[in-house]
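What follows is one structure encoded as structure tokens, with my remarks underneath.
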Amino acid sequence: MSTNDDSQWPLWEVFTQGARGEPFEHAGSIHAADAELALQNARDVYTRRGEAVNLWVVPSNAIVASAPSDAGPFFDPGNDKPYRHPQFYVAPRGVRIF
Amino acid sequence: MDQTMPVPAEDPALLAAFEARIAAGESIEPKDWMPERYRKQLTRMMSQHAHSEIVGMLPEGNWITRAPSLRRKLSLIAKVQDEAGHGLYIYCGTETLGVDRHELVEQLLDGRAKYSSIFNYPTLAWADMGVIGWLVDGAAIVNQTVLAKASYGPYARAMVRICKEENFHKRQGYEICTVLANGTPAQKAMLQDSVNRFWWPALMMFGPSDTNSPNSAELLRWRVKRKTNDELRQRFVNLTVPQAIALGLTIPDPDLHFNEATGDWEFGEIDWSEFYEVVKGNGPCNQERMETRRAAHENGEWVRAAATAHAEKQRARRDTAAA
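For the record, the sequence lines run as chains A and B.
Note that the numbering used here numbers the first sequence so that position 82 is 82, with each residue one more than the last.
Note that the numbering used here numbers the second sequence so that position 206 is 1206, with each residue one more than the last.
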């Protein structure tokens, strides 16, 4: 059988932007022979009902991700720096500070 | 697929941490640690689900050319396209568990993988398009709204997307039924005959009864499933019987009655021997469905080859331009 090529095509991650100005959100993935076809396949599979005004396709193997098990230590520095938040600073009573 | 694999020994500390996360209602993501059994069960369940979406295109594909109006033809084409999309959403979810889509497709084509038994029944009349949308997609929605809360993130997210689209399937099906129910005596009879053929297979879609479901306990414990097969089946019957009454249809079950105390529509015994026969491959259309599916895959080979060739040509063109 010569059908093995089916998923030898690279995998692409698909991101959709719901409306102009909104962030791109991960929608799923798609197999495609090249970027142009990945874009077309992504449109056909993930935007049949007006879910997007813009699409990104990214080769899956180009994504570098943090490990879930590192979540604590990796993102830790924020927690012990309360002075990064406005609530850390005192304003005189009765004064509105923006 | 293999269900007799021995359970690999897991690190008890990791397993405890995993189960604590599940108990806390956290969602499990692809790169998280998970027990091998969880990965296996999900792969089995998700690939079975994806295959069902793909095979589900076949009974309806039969009727695209024979739909009675352009409006009906359009919605049927859109629906069949949706089923293909649903298959792809779930296959890509399955790939996050470390299996190759190609492997799964092979398992389907060579008959190792299972798909929903409902698609092994023939679609004999136009009314079947209505009844399948109403009952079969209706049953799928009951199942999938619960799966949208499954503990595995990629599966749950695919289900949210699918549920939004299934509602259109169910509505277009019920609309077809409504028109036939208010039509000529021949149309009403065609509708009733279709309900008679699909009612019991639709109830079987929820799988074996709880006392006889080998995978349920584990799936429930890990919150892949949130409700048992029997609970979902009852919910479906409660939702559907009033819809049948509204159309003036008879449910082919002499034991069906309303229980005032529980608020449930109680139904008769399901013929499980038929269910297992169809699952084993001896349903009325098992063979035909698989032959059609294999032919579609083989006849689509040139499209895949053309896409690959096109991509290579484009790449070569870019390379010479850059040189």
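Note that the Cβ used here is the ideal one computed from N, Cα and C, for glycine as well.
C-beta atoms of residue i and residue j nearer than 8 angstroms
i, j, result
"S66 of chain A", "W12 of chain A", "no"
"N961 of chain B", "G1248 of chain B", "Here chain B has residues from 1001 to 1323 only, and residue 961 of chain B is not among them."
"E1060 of chain B", "K1079 of chain B", "yes"
"V1099 of chain B", "R1293 of chain B", "no"
"L1097 of chain B", "R1044 of chain B", "no"
"E1218 of chain B", "R1101 of chain B", "no"
"L1074 of chain B", "M1129 of chain B", "no"
"M1204 of chain B", "I1245 of chain B", "no"
"A1158 of chain B", "S1027 of chain B", "no"
"P82 of chain A", "F75 of chain A", "no"
"V1146 of chain B", "L1232 of chain B", "yes"
Cβ shell of residue i (< 7 angstroms), same chain only, five flanking positions each side left out
i, result
"E1166 of chain B", "D1137, A1140, I1141, Q1144"
"R1161 of chain B", "Y1089"
"F1258 of chain B", "W1265"
"D5 of chain A", "Low confidence applies here, because D5 of chain A scores a pLDDT of 46, under 50, leaving its location unreliable; read the following figure in that light. Once the five neighbours on either side are set aside, D5 of chain A has no close Cβ partner at all."
"R20 of chain A", "V53"
"G28 of chain A", "V14, Y46"
"L1014 of chain B", "W1033"
Selected residue, minimal CA-CA separation from residue i, among the options
i, options, result
"D34 of chain A", "B:A1309, B:Q1041, B:L1135", "B:A1309"
"V45 of chain A", "B:R1226, B:N1299, B:A1295, B:H1086", "B:H1086"
"A42 of chain A", "B:T1065, B:C1092, B:I1054", "B:C1092"
"Y1152 of chain B", "B:D1128, B:I1022, B:Q1187, B:Y1276", "B:I1022"
"L37 of chain A", "B:T1250, B:V1303, B:E1053", "B:V1303"
"E1260 of chain B", "B:M1159, B:N1238, B:M1129, B:T1184", "B:N1238"
"A1024 of chain B", "B:K1313, B:K1188, B:W1222, B:E1053", "B:W1222"
"K1225 of chain B", "B:A1311, B:A1148, B:P1154", "B:A1148"
"P86 of chain A", "A:D80, A:D76, A:R93, A:I97", "A:I97"
"E1298 of chain B", "B:S1216, B:T1240, B:N1182, B:E1106", "B:E1106"
"I1251 of chain B", "B:S1213, B:S1216, B:S1209, B:N1196", "B:N1196"
"S69 of chain A", "B:R1317, B:T1178, B:R1066, B:M1034", "B:M1034"
"P1154 of chain B", "B:N1062, B:T1262, B:E1029", "B:E1029"
Short CB-CB distance (under 8 angstroms) between residue i and chain A
i, result
"Q1314 of chain B", "yes"
"N1133 of chain B", "Per the sequence shown, the amino acid found at residue 1133 of chain B is Gly instead of Asn. No, G1133 of chain B lies away from the interface with chain A (no Cβ there is under 8 angstroms from its Cβ)."
"H1049 of chain B", "no"
"C1092 of chain B", "yes"
"D1193 of chain B", "no"
"Y1155 of chain B", "no"
"G1268 of chain B", "no"
"A1246 of chain B", "no"
"H1310 of chain B", "yes"
"R1101 of chain B", "yes"
"C1089 of chain B", "At residue 1089 of chain B the sequence reads Tyr, which differs from the Cys that was named. Yes, Y1089 of chain B lies at the interface with chain A (some Cβ there is under 8 angstroms from its Cβ)."
"K1079 of chain B", "no"
"K1073 of chain B", "no"
"G1281 of chain B", "no"
"G1085 of chain B", "yes"
"K1031 of chain B", "yes"
"A1127 of chain B", "no"
Cut-off 6 angstroms between Cβ atoms - residues of its own chain near residue i, not counting five sequence neighbours on either side
i, result
"H1051 of chain B", "L1108, A1113, Y1115"
"S1273 of chain B", "none"
"F1198 of chain B", "V1131, L1135"
"C1285 of chain B", "N1120, P1122"
"P1201 of chain B", "I1118, Y1121"
"Y1174 of chain B", "W1134"
"S2 of chain A", "With a pLDDT of 38 at S2 of chain A, under the threshold of 50, the modelled position of this residue cannot be trusted, and the question is left open."
"D1253 of chain B", "F1267, G1268"
"Q1003 of chain B", "Model confidence at Q1003 of chain B stands at a pLDDT of 49, short of 50, so the residue's coordinates are unreliable; what they give is reported in the following sentence. Same-chain partners within the cutoff: there are none."
"L1104 of chain B", "S1047"
Interface flag, residue i vs chain B, CB-CB below 8 angstroms
i, result
"V45 of chain A", "yes"
"D34 of chain A", "yes"
"G28 of chain A", "yes"
"A65 of chain A", "yes"
"F98 of chain A", "no"
"P68 of chain A", "yes"
"W12 of chain A", "no"
"H31 of chain A", "yes"
"R20 of chain A", "no"
"R48 of chain A", "yes"
Chain-order list of residues whose beta-carbon lies under 8 angstroms from that of residue i (same chain, five-residue window excluded)
i, result
"A1125 of chain B", "M1190, D1193, S1194"
"E25 of chain A", "F15, T16, Q17, G18"
"E1083 of chain B", "E1053, I1054, G1056, M1057, E1060"
"G1300 of chain B", "none"
"V90 of chain A", "none"
"E1277 of chain B", "G1283"
Near the ligand MN: residue i beta-carbon under 7 angstroms from a heavy atom
i, result
"T1292 of chain B", "Ligands are entirely absent from the displayed structure, and the ligand MN is therefore not among its contents."
Query raised in the report: In chain order, which alpha helix (DSSP H) runs of at least 4 residues are fully inside the region 1243-1295 of chain B?
Result: 1272-1277
Query raised in the report: Going along the chain, which unbroken runs of the alpha helix (DSSP H) with 4 or more residues stay wholly within the region 1092-1147 of chain B?
Result: 1101-1109, 1127-1131, 1137-1147
Query - Whole runs of the beta strand (DSSP E) within the region 1196-1245 of chain B, excluding any shorter than 3 residues - result: none
Report task. For the region 46-72 of chain A, list the beta strand (DSSP E) runs that are entirely contained and at least 3 residues long, ordered along the chain. Result -> 54-59
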